[in-house]
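Trainee: Below is a structure I'd like to ask you about.
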Amino acid sequence: LAIGNARSFDAARRASVMVIPFGGDLFYRDAAGEIAQLTDSQDPEIDPKLCDDGTMVAFVRKGELAVLDVKTKKETALTHGAPEGVTRGLSDFIAQEEFDEESGFWWSPGCDKIAYLEVDERGVETVPVMGYRDSRPDWMQQRYPRAGSKNPEVRAGILDLKTKKTTGLTSNGSGGGLT
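At position 1 of the sequence shown (counting the first as 1) the number is 461 in the numbering used here, and the numbers step up by one without a gap.
What follows is the structure, given as structure tokens:
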């Protein structure tokens, strides 16, 4: 299987494997260099990341976190039920543009937990933005927090893969971070 013009990948830290997003689906390159397709879905997998040992890949699809066992190709939804305007595992516009935070989730070193952001943009104004789809200009609607207007509400949590339960993180109130 050849993947032409793939421009990004994520490599495991403790294994010689990688996941390659291409054409809206995910492909896996094993230590021997063999490539296998992991997903074949109508909706794209966004921000795929391998856990450190390379046995699982997490991603966001339709605003919800999911994990896939690369050996069995069994996919498990980790979050579900977010209303329109709420995403889990994606960072918001301000975080991406102003703080260079491209991702909204992170694996634990033991591959047993995922820290993630829940972003509620329902109160953020929607504005028309010129974009490009299929190499053509296209007007699209994007939530954009203009100066002086409402910003998204962001919460952080740690999801335990065994129990599928999220523990919310809260500010300690002193400006010193999350607890």
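Glycine included, C-beta positions come from ideal geometry on N, C-alpha and C.
Quick one: measure Cβ to Cβ for K522 and L528, integer angstroms, because I've assumed they're closer than 8 Å.
Mentor: Going by Cβ atoms, the distance from K522 to L528 rounds to 15 Å, so no, they are not a contact pair.
Trainee: Identify which residue in Q602, E578 and D580 has its Cα closest to the Cα of V589.
Mentor: Q602
Trainee: Note down the Cα distance separating G514 from V584, rounded to an integer number of angstroms.
Mentor: 37 Å
Trainee: Taking the alpha-carbon of R582 as reference, which of E558, S563, V546 and T539 has the nearest alpha-carbon?
Mentor: V546
Trainee: Can we say the region 498-514 touches the region 562-570, given the rule of at least three CB pairs closer than 8 Å?
Mentor: yes
Trainee: Let's see if you can read the secondary structure: which residues bound the alpha helix (DSSP H) around A555?
Mentor: F553 to F559
Trainee: Drop a sphere of 10 angstroms on the beta-carbon of S551, count the other beta-carbons inside from all chains shown, and report buried for 16 or more, exposed for fewer.
Mentor: buried
Trainee: Report the rounded CA-to-CA distance for F643 versus E613, giving the unit in angstroms.
Mentor: Given a span of 461 to 639 for the chain in the structure shown, any question on residue 643 remains unanswerable.
Trainee: Need the endpoints of the beta strand (DSSP E) that P588 sits in, please.
Mentor: T586 to R593
Trainee: Let me check understanding here. Comparing Cα to Cα, which of R593, E558 and L538 lies closest to A575?
Mentor: The shortest CA-to-CA distance from A575 to any of R593, E558 and L538 is the one to L538.
Trainee: If you scan the region 498-579 from start to end, which runs of the alpha helix (DSSP H) of 4 or more residues do you find wholly inside it?
Mentor: 553-559
Trainee: Quick one: what does DSSP say A491 is sitting in, helix, strand or coil?
Mentor: coil
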